[in-house]
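Residues -25 to -1, 1 to 234 in mature numbering (1 follows the signal peptide of the UniProt record, and there is no 0) are what the sequence shown lists, from first letter to last. From the three backbone atoms N, C-alpha and C, an ideal C-beta is built for every residue, glycine too. First comes the structure, then the notes that go with it.
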Amino acid sequence: MKFKKILSWSVPMSVAIMSSLSAISCEKPEEFNPKVVLDKNHVLVQKNVSKFKVVGGADGDTVYLEALEDNNERGIRTGDKNKIRLSGIDTPEKYVGLTRASDKEYKYALMSSEFASKTLKNNKIVYAYITEKDSFGRWVGDVFYSETNDKPEKIEDVDRSYSVQITRAGLTLPYDINPIPNMDLQKIEGTLQWYVWRLLGVALLNANYYNDGFFAEYSTPYDVSKNVYEIKKFGTAFESFTKKVDINVFNNPNVYKAK
């Protein structure tokens, strides 16, 4: 049986000194609703979302997709095989170069990779919201899928964000090293940030509260960052997905809300 967690997040001492008992305990978070239904009629969705088939996986935050349709906006052609770096998350590493991660990080890296292989299994049809290319030449974005239908025919048939779901499982911390531009994008209806950034925060708080994934072993995201992400330091890149800092994903009420 899992017990709900009552905790105080271990932030730096200058921030952690609280003046009231109510600030000490972790409140029950907003209920997590996993549904994310993309609006097929929105111009940003039409420009940036394409239909793909999963053809492989690298780890918990990278997947290989084969395009099933052209996307002129992104220069993608039917049959192209694309490496997609999942947006808004950064899972633990098995290796960096030839250096193996610690046993602890390696264990969680395997768990996140297993989540990916089960969720985004080969030949599953998905829709990817592509935003940009990173410095390694990979497309960056999120993958939307159905939990009950491996061969969805249209965009309305998918209703799960991969980045949100693996965060809710407690197998990654959400990641944003440059939150201010993304907070601005979060305010624009139809952007990827408008759809999922706040949900990533809700997913993190629920995983923490219900002791899922990392949080069966560690009390807070700060503990996870310090003790799990060792080979490639994570730091506080998750903070904008919490309510512990002023600039956070919960500040803008006019974002996507599941119905």
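(message) Tell me the rounded alpha-carbon separation between T66 and D36.
(response) 6 Å
(request) Using the Cα positions of S(-4) and I152, report the straight-line distance between them to the nearest angstrom. (result) Low per-residue confidence applies at S(-4): pLDDT is 34, beneath 50, and the placement is therefore not dependable enough to give any value.
(request) Out of E131, E107, L146, P149, point me to the one whose CA is closest to G50's CA. (result) E107
(message) Taking only three categories from DSSP, how would you classify P228?
(response) coil
(message) Could you compute how far the alpha carbon of A103 sits from the alpha carbon of E205?
(response) 30 Å
(request) Compare the Cα-Cα distances from P209 to each of K28, E68, A91 and report the closest residue. (result) It is worth fixing the name first, because residue 209 is Phe in this sequence and not Pro. The residue with the shortest Cα to Cα distance from F209 is E68.
(message) Could you compute how far the alpha carbon of N124 sits from the alpha carbon of T147?
(response) 25 Å
(request) Let me know if F111 comes out buried or exposed under the rule of 16 or more other beta-carbons within 10 Å of its beta-carbon. (result) exposed
(message) I need the straight-line Cα distance from S(-12) to E2, nearest angstrom please.
(response) Because S(-12) sits at a pLDDT of 41, beneath the cut-off of 50, its placement in the model cannot be relied upon, and the point is left open.
(message) On the criterion of 16 or more Cβ atoms from any shown chain inside 10 Å, does P196 qualify as buried, or is it exposed?
(response) buried
(request) Taking V118 as the reference, give the member of I130, S136, E131, P127 with the closest Cα. (result) S136
(message) Going by DSSP in three states, G165 sits in which element: helix, strand or coil?
(response) coil
(request) Take every Cβ of the region 128 to 142, pair it with every Cβ of the region 173 to 192, and state whether three or more of those distances are shorter than 8 Å. (result) yes
(request) Compare the C-beta of V11 against all C-beta atoms of chain C and say whether one is closer than 8 Å. (result) Within the model displayed, chain C is absent; a lone protein chain is all it includes.
(request) Would you tell me roughly how many angstroms separate the C-alpha atoms of K129 and F190, rounded to the nearest one? (result) 36 Å
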